[in-house]
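Chemist: Note that my numbering numbers the sequence shown so that position 206 is 206, with each residue one more than the last. I'd like to ask you about the structure that follows.
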Amino acid sequence: MPSTLPEHALNALYGSYLALSGCVQALLHVEFRRSYRGPILWVIMSTAAMALVAHTLAFPMHVLLWLGGFTKLKTMLAYAMHRSIAAVPFLCVAGTRYVYPALFEQLFCLGVKVANPPLAKTLSQIQINYFTWKYVSSVLRYMGYRAVLMVILATGSVVLTPLFGGVFAIVAFSYKVRRMEVVFGLSLVGLYCVPATRSTALDLVRTWFDSRTIARELFAPFVDRQLALKALNLPHLDPHYVGVPMLKWPQHQAVLFGFSYTLSYLMQYAYIGPFVWLLGSVAAGHVTALLLQSHRSACPVK
Numbered sequence: 001m002p003s004t005l006p007e008h009a010l011n012a013l014y015g016s017y018l019a020l021s022g023c024v025q026a027l028l029h030v031e032f033r034r035s036y037r038g039p040i041l042w043v044i045m046s047t048a049a050m051a052l053v054a055h056t057l058a059f060p061m062h063v064l065l066w067l068g069g070f071t072k073l074k075t076m077l078a079y080a081m082h083r084s085i086a087a088v089p090f091l092c093v094a095g096t097r098y099v100y101p102a103l104f105e106q107l108f109c110l111g112v113k114v115a116n117p118p119l120a121k122t123l124s125q126i127q128i129n130y131f132t133w134k135y136v137s138s139v140l141r142y143m144g145y146r147a148v149l150m151v152i153l154a155t156g157s158v159v160l161t162p163l164f165g166g167v168f169a170i171v172a173f174s175y176k177v178r179r180m181e182v183v184f185g186l187s188l189v190g191l192y193c194v195p196a197t198r199s200t201a202l203d204l205v206r207t208w209f210d211s212r213t214i215a216r217e218l219f220a221p222f223v224d225r226q227l228a229l230k231a232l233n234l235p236h237l238d239p240h241y242v243g244v245p246m247l248k249w250p251q252h253q254a255v256l257f258g259f260s261y262t263l264s265y266l267m268q269y270a271y272i273g274p275f276v277w278l279l280g281s282v283a284a285g286h287v288t289a290l291l292l293q294s295h296r297s298a299c300p301v302k
């Protein structure tokens, strides 16, 4: 084990703290509650509508299964319905990216503005195009990988599932797996080998995989502008550091892991997940500004 493992673990916890505190700060922010009342109401109505439709369609089946004594099938149906409703956040963000692409960009800049107003102003002045095939292909690739992951997890083999899961992680992530994730992954293998904690390990793996995609989505307003920021050569930003893709920043890998994993975990809950997308966008902007400042001032945050 690396000698810095305790430090990585603490930084991951710090990233989790930034995610939770950032969401709370966004919820209490006057501008967020005043200016984004429309999107908040839209999220409430869309989530309630989809939940109502799901419960309405499933109710007759619940009754039939209850009358027939098929309690196991009834439990499986309830679990599937919960998972279907929990998919609302991903549908919301994918659709909104094209219907109203400026929404998450504005929320991100609102978070940046809290810690670094000049940077927020600079980001808002850099125009980017979200209507690209690159984004569409990334969504389709994610859906394909998600399907493959579900097949691997459904095999249920103590040997083959971790083996194929490890190979899948290398193929799907394609770039360097963070050191903190290696330790986390080995811990999940240990949990999976114990029958009592196997289902927990599978849920944690799904959350881990989703956190990668969530991180790319939440930090996109900054990541897509990094080349332009580097070209501007701003005095308060390190051009070499800004030139490195944010999700690969070596000094903040554990922080970003803890941040994205915490939000990914919260997003799986059907009735709060959509709100986490909105609040998480503000929190992502805030943590971006904090990490840039910590690097500039040589703060011991890694």
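Beta carbons are placed, not taken as given, at the ideal position from N, Cα and C, and that holds for glycine.
Take L290 as the anchor and find which of Q226, P117, P235, D224 has the nearest alpha-carbon.
Modeler: Measuring from the Cα of L290, the nearest candidate turns out to be P117.
Chemist: Do W249 and the ligand ZN come close, with the Cβ less than 6 Å from some heavy atom?
Modeler: By its list of ligands, the structure shown contains no ligand whatsoever, and the ligand ZN lies outside what it can speak to.
Chemist: Tell me the residue span of the alpha helix (DSSP H) that contains M267.
Modeler: It spans 253–267 - the alpha helix (DSSP H) in which M267 sits, taken as one unbroken run.
Chemist: Can you name the start and end residues of the alpha helix (DSSP H) that P235 belongs to?
Modeler: Looking at the DSSP string, P235 is not in any alpha helix (DSSP H), and its letter there is neither H nor E.
Chemist: Return helix, strand or coil for Y175, following the three-state DSSP convention.
Modeler: The predicted position of Y175 is uncertain, since its pLDDT is 49 and thus under 50; a value taken from the coordinates is nonetheless stated next. Coil.
Chemist: Would you report the Cα separation of L123 and G243, rounded to the nearest angstrom?
Modeler: Taking the straight line joining both Cα atoms gives about 15 Å.
Chemist: In three-state DSSP terms, what is Y36?
Modeler: Correct three-state label for Y36: coil.
Chemist: V112 and G258 - do their beta-carbons sit closer together than 7 Å?
Modeler: Not closer than 7 Å, so no.
Chemist: Along the chain, where does the alpha helix (DSSP H) containing Y145 start, and where does it finish?
Modeler: Note, Y145: alpha helix (DSSP H), 133–155.
Chemist: Quick one: using the 10 Å Cβ neighbour count with 16 as the cut-off for buried, is M246 buried or exposed?
Modeler: It is buried - the Cβ of M246 has at least 16 other Cβ atoms within 10 Å.
Chemist: Please determine, among W208, L266, Q127, L163, the residue with the shortest C-alpha to C-alpha distance to F222.
Modeler: Comparing Cα positions, the closest option is Q127.
Chemist: According to DSSP, simplified to helix, strand and coil, what is R198?
Modeler: Three-state result, R198: helix.
Chemist: Rounded to the nearest angstrom, what separates G38 and Q253 at their Cα positions?
Modeler: Using only the alpha carbons, I get a separation of about 35 Å.
Chemist: The alpha helix (DSSP H) that contains V158, what's its start and end?
Modeler: Neither: V158 is in no alpha helix (DSSP H) and is coded neither H nor E.
Chemist: Considering V223, what are the terminal residues of the alpha helix (DSSP H) in which it resides?
Modeler: Counting along the chain, the alpha helix (DSSP H) containing V223 begins and ends at 220–223.
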